[in-house]
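Before any comments, here is the structure.
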Amino acid sequence: MKDLTQGKEGLQILNFAIPMLIGNVFQQLYNVVDSIVVGKYIGSVALAAVGASFPILFTMSAMIGGVTIGGSVLVSQYFGAKENSKVKITSDTLQIFLLVSSIALSLLFFAISRPLFILLGIPPEVLPDAVRYFDTIILTTTVPTFAVFGMAAILRGVGNSKTPVYFVVLSLVLNMVLDIIFVLVFGWGILGVAWATAIATVVSWVALWYHLNSKEDAIIRFNLNYKKWQFDWENFRLSLKIGLPSGIQQTLVGLGSLALLSIVSPFGVAVLAAYTAAGRVDMFVSMPAMNLAAALSSFVGQNLGAGRLDRVKNGLKSTLVYSTVICLALTMVVVFFGGEIMRLFTDLNSQHHAEIVRIGKEYLVIVTSFYIVF
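The opening residue of the sequence shown carries number 275 in our numbering; numbering runs sequentially from there.
This is the structure:
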């Protein structure tokens, strides 16, 4: 656990953000590696199927993102104020909410997956693969993914942004190995990619839970004995109040992605595959700004709890400078090397290769031009 109420503000935020950034880069590499394997070794139809699933999965996560952020901020405030009993209650409340919501959402989206894809206009040749991939992912990864989100948020709240990184790296390496085995050796196609992701996610979840409950302070542990769980409605209300603006923003982004998917889908496999690959790059490049914002949230939470408003103002100024410089640099990289990046996601001999590269590059140039505003 790390005290963020002492030391140089900008440097503390940067040092806190870097481990989170590394972890989230590896988390995004999950999607990038899956897309490269699918695009190069299975085909553009399978790549389009994976891409059709992503906006739905993102929107589902965004729906609970506000409470997760709010819980992390509350943990950081109580930790900064040395109110350990409230840290424990907040930790339990957040994890109970994520457990219940993950089960409910996974069952709901599993039940409506095919009608939803049809409503979004997914091409008929893509629909079977999209449903198979999505159903496998939704049933096997929702609960562990939400649990990992919760544990990582709690650890960030108490100033520990490094530990989750180790388990993300573990998960990524395992996912890459299983991708190769299931797709290239066993020939399982898109289901092989889905099961590789599922197994790697569950292993990461179990390993992080074991670490949290055996190595970390008792105030953030989560007991498997449900009789010891503490859910506090007032605490949940505060988490929701704090995180609701961010949650609404993320949900609107997700709904925007779904709307864009419904617009893109009728143009066919090549356009949908290009949108998928470019979207992976887009998410990857936006990570630094998002992680600086997450680091700032924990920093602000602890310093508000400690009554250090001067540090809050200085931290915000430093974060804005860092974000601006990084966004400009990454925009230049994507604008000048967008074509080369897109070629990673498609087989040179594919009939859609040239079209996917061209459309994907155009998409990236347009999107990255507005990173500075984001």
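Ideal Cβ positions, reconstructed from N, Cα and C, are used throughout, including at glycine.
Only a predicted model underlies this, so the values are computations on that prediction, with no experimental measurement involved.
If you reduce the DSSP assignment to three classes, tell me which class Y637 lands in.
Numbered from 1 along the sequence shown, position 363 holds the residue referred to as residue 637. It is helical.
Go ahead and pull the three-state DSSP assignment for P397.
On the sequence shown, position 123 is the one that residue 397 refers to. DSSP places P397 in coil when its eight states are reduced to three.
Where does the unbroken alpha helix (DSSP H) through H626 begin, and where does it stop?
Numbered from its first residue, the sequence shown carries residue 626 at position 352. First-last for H626: undefined, no H or E at that position.
Taking only the alpha-carbon atoms, compute the straight-line gap between I577 and M557 and give it to the nearest angstrom.
To locate residue 577, count along the sequence shown from 1; it is residue 303. To locate residue 557, count along the sequence shown from 1; it is residue 283. Sequence inspection shows Asn at residue 577; the Ile mentioned does not correspond to that position. Looking at the backbone, the Cα of N577 and that of M557 are separated by about 30 Å.
Between the Cα of G579 and those of L348, I633 and M337, spot the shortest distance and give me the residue it belongs to.
Taking the sequence shown and counting its residues from 1, one reaches residue 579 at position 305. Among L348, I633 and M337, the Cα nearest to that of G579 belongs to L348.
Once you ignore the five residues that flank A472 on each side, which residues in its own chain have a CB closer than 8 Å to its CB?
The residue you call residue 472 lines up with position 198 of the sequence shown. Residues of the same chain with a CB within less than 8 Å of the CB of A472, apart from the 5 flanking positions on each side, are T410, I411, T414 and T415 in chain order.
If you draw a straight line from the alpha carbon of I454 to that of S359, how long is it in whole angstroms?
Here residue 454 is taken as the residue at index 180 of the sequence shown, counted from 1. Here residue 359 is taken as the residue at index 85 of the sequence shown, counted from 1. Distance between the alpha carbons of I454 and S359 is about 46 Å.
Hey, G431 and S350: beta-carbon distance below 9 Å or not?
For the purposes of this step, residue 431 is taken as residue 157 along the sequence shown, with counting starting at 1. For the purposes of this step, residue 350 is taken as residue 76 along the sequence shown, with counting starting at 1. Judged by beta-carbon spacing, S350 lies within the 9 Å limit of G431, meaning their Cβ atoms are closer than that value.
Pop quiz: A474 and N449 are said to be a contact at Cβ under 8 Å. What is the actual Cβ separation, rounded to whole angstroms?
For the purposes of this step, residue 474 is identified with residue 200 of the sequence shown, where counting begins at 1. For the purposes of this step, residue 449 is identified with residue 175 of the sequence shown, where counting begins at 1. With 8 Å as the limit, A474 and N449 qualify as a contact, their Cβ atoms being about 4 Å apart.
Considering Cα atoms alone, identify which of L452, M425 and D506 is closest to V439.
In the sequence shown, residue 439 corresponds to position 165, counting from 1. Measuring C-alpha to C-alpha distances from V439 to each of L452, M425 and D506 identifies M425 as the nearest.
Express the C-alpha separation of F423 and K436 in angstroms, rounding to a whole number.
Position 162 of the sequence shown, counted from the start, is the residue given in the question as residue 436. Position 149 of the sequence shown, counted from the start, is the residue given in the question as residue 423. For K436 and F423, the gap between their C-alpha atoms comes out near 14 Å.
Could you name the residues of the same chain whose beta carbon sits closer than 8 Å to that of E283, not counting the 5 residues immediately before and after it, in chain order?
Residue 283 sits at position 9 when you count from the first residue of the sequence shown. Counting only residues of its own chain and dropping the five nearest sequence neighbours on each side, E283 has a CB closer than 8 Å to the CB of F573, R585, N588, G589 and S592.
Considering F573, what are the terminal residues of the alpha helix (DSSP H) in which it resides?
Position 299 of the sequence shown, counting from 1, holds the residue named residue 573. Element bounds for F573: M561 to G579.
Using the Cβ count rule (16 or more neighbours within 10 Å means buried), how would you classify I633?
For the purposes of this step, residue 633 is taken as the residue at position 359 of the sequence shown. Burial call: buried.
Just tell me which of M564, L602, Y549 and L429 has its CA closest to the CA of H626.
Within the sequence shown, residue 626 is the residue found at index 352, counting from 1. With respect to the C-alpha of H626, the residue from M564, L602, Y549 and L429 having the closest C-alpha is Y549.
Tell me where the alpha helix (DSSP H) around G284 begins and ends.
As a working note, residue 284 is residue 10 in the sequence shown. Where G284 is concerned, the enclosing alpha helix (DSSP H) stretches over E283 to Y315.
Should K489 be labelled buried (16 or more other beta-carbon atoms within 10 Å of its own) or exposed?
Walking along the sequence shown from the start, residue 489 turns up at place 215. Exposed is the call here.
Where G317 and S560 are concerned, what is the direct C-alpha to C-alpha distance, given to the nearest angstrom?
For the purposes of this step, residue 317 is taken as residue 43 along the sequence shown, with counting starting at 1. For the purposes of this step, residue 560 is taken as residue 286 along the sequence shown, with counting starting at 1. In a straight line, the C-alpha of G317 is about 27 Å away from that of S560.
In the structure shown, what three-state DSSP assignment does Y596 receive?
Here residue 596 refers to the residue found at position 322 when the sequence shown is read from its first residue. Note: Y596 maps to helix in three-state DSSP.
Nearest by alpha-carbon distance to S445: which of V299, L532 and L401 is it?
The count along the sequence shown starts at 1 and reaches residue 445 at position 171. Ranking V299, L532 and L401 by Cα distance to S445 puts V299 first.
Report the residue from I537, I640, M606 and V607 whose alpha carbon sits nearest the alpha carbon of I396.
Position 122 of the sequence shown, counted from the first residue, corresponds to residue 396. Restricting attention to I537, I640, M606 and V607, the CA atom closest to the CA of I396 is found in I537.
Please go through the same chain and pick out, in chain order, the residues whose beta-carbon is closer than 6 Å to the beta-carbon of G463, but skip the five residues on each side of it.
Counting from one through the sequence shown, the residue named residue 463 turns up at place 189. Excluding residues within five positions, the ones whose Cβ falls inside 6 Å are I316.
Between the Cα of L382 and the Cα atoms of K356, L393, N565 and M334, which residue gives the shortest distance?
Within the sequence shown, numbered from 1, the residue matching residue 382 stands at position 108. When only C-alpha atoms are compared, the closest one is M334.
Alpha carbon to alpha carbon, how far is W483 from P418?
Locating residue 483 in the sequence shown gives position 209, counting from the first residue. Locating residue 418 in the sequence shown gives position 144, counting from the first residue. Taking the straight line from one Cα to the other gives about 10 Å.
Straight-line CA distance for F420 to L373?
Your numbering for residue 420 matches position 146 in the sequence shown. Your numbering for residue 373 matches position 99 in the sequence shown. The straight-line gap separating the alpha-carbon atoms of F420 and L373 is approximately 7 Å.
Same chain, Cβ closer than 8 Å to K501, five either side skipped, listed in chain order
Taking the first residue of the sequence shown as 1, we reach residue 501 at position 227. Cβ within range, chain order: n/a, list empty.
Identify which residue in V639, V527 and R554 has its Cα closest to the Cα of A336.
Looking up residue 336 in the sequence shown gives position 62. Checking every option, the nearest Cα to that of A336 belongs to V527.
Going by beta-carbon coordinates alone, are I646 and T598 separated by less than 9 Å?
As a position in the sequence shown, residue 646 is number 372, starting the count at 1. As a position in the sequence shown, residue 598 is number 324, starting the count at 1. In contact: I646 and T598 (Cβ atoms closer than 9 Å).
For a test of the three-state rule: what should DSSP assign to E357, helix, strand or coil?
Counted from its first residue, the sequence shown places residue 357 at position 83. Shown here, E357 sits in coil according to DSSP, grouped into three states, outside any helix or strand.
Looking at the structure shown, is D506 part of a helix, part of a strand, or coil, going by DSSP?
Counted from its first residue, the sequence shown places residue 506 at position 232. Three-state DSSP puts D506 in coil, outside helix and strand.
Along the chain, where does the alpha helix (DSSP H) that runs through P438 open and close?
Sequence index remark: in the sequence shown, residue 438 carries index 164 (1-based). Per DSSP, P438 belongs to the alpha helix (DSSP H) from T437 to D453.
What residue range is occupied by the uninterrupted alpha helix (DSSP H) comprising W469?
Along the sequence shown, one-based indexing puts residue 469 at 195. Where W469 is concerned, the enclosing alpha helix (DSSP H) stretches over I464 to S488.
Which value, in whole angstroms, describes the spacing of the CA atoms of A628 and A547?
The residue labelled residue 628 in the question sits at position 354 within the sequence shown. The residue labelled residue 547 in the question sits at position 273 within the sequence shown. A628 and A547: Cα-Cα distance of roughly 12 Å.
If you measure between the beta carbons of S520 and G345, is that distance less than 9 Å?
Position 246 of the sequence shown, counted from the start, is the residue given in the question as residue 520. Position 71 of the sequence shown, counted from the start, is the residue given in the question as residue 345. The answer is no: Cβ separation not under 9 Å.
Supposed close pair I310, L570 - CB separation, criterion 8 Å
As a working note, residue 310 is residue 36 in the sequence shown. As a working note, residue 570 is residue 296 in the sequence shown. The Cβ separation is near 32 Å, so there is no contact.
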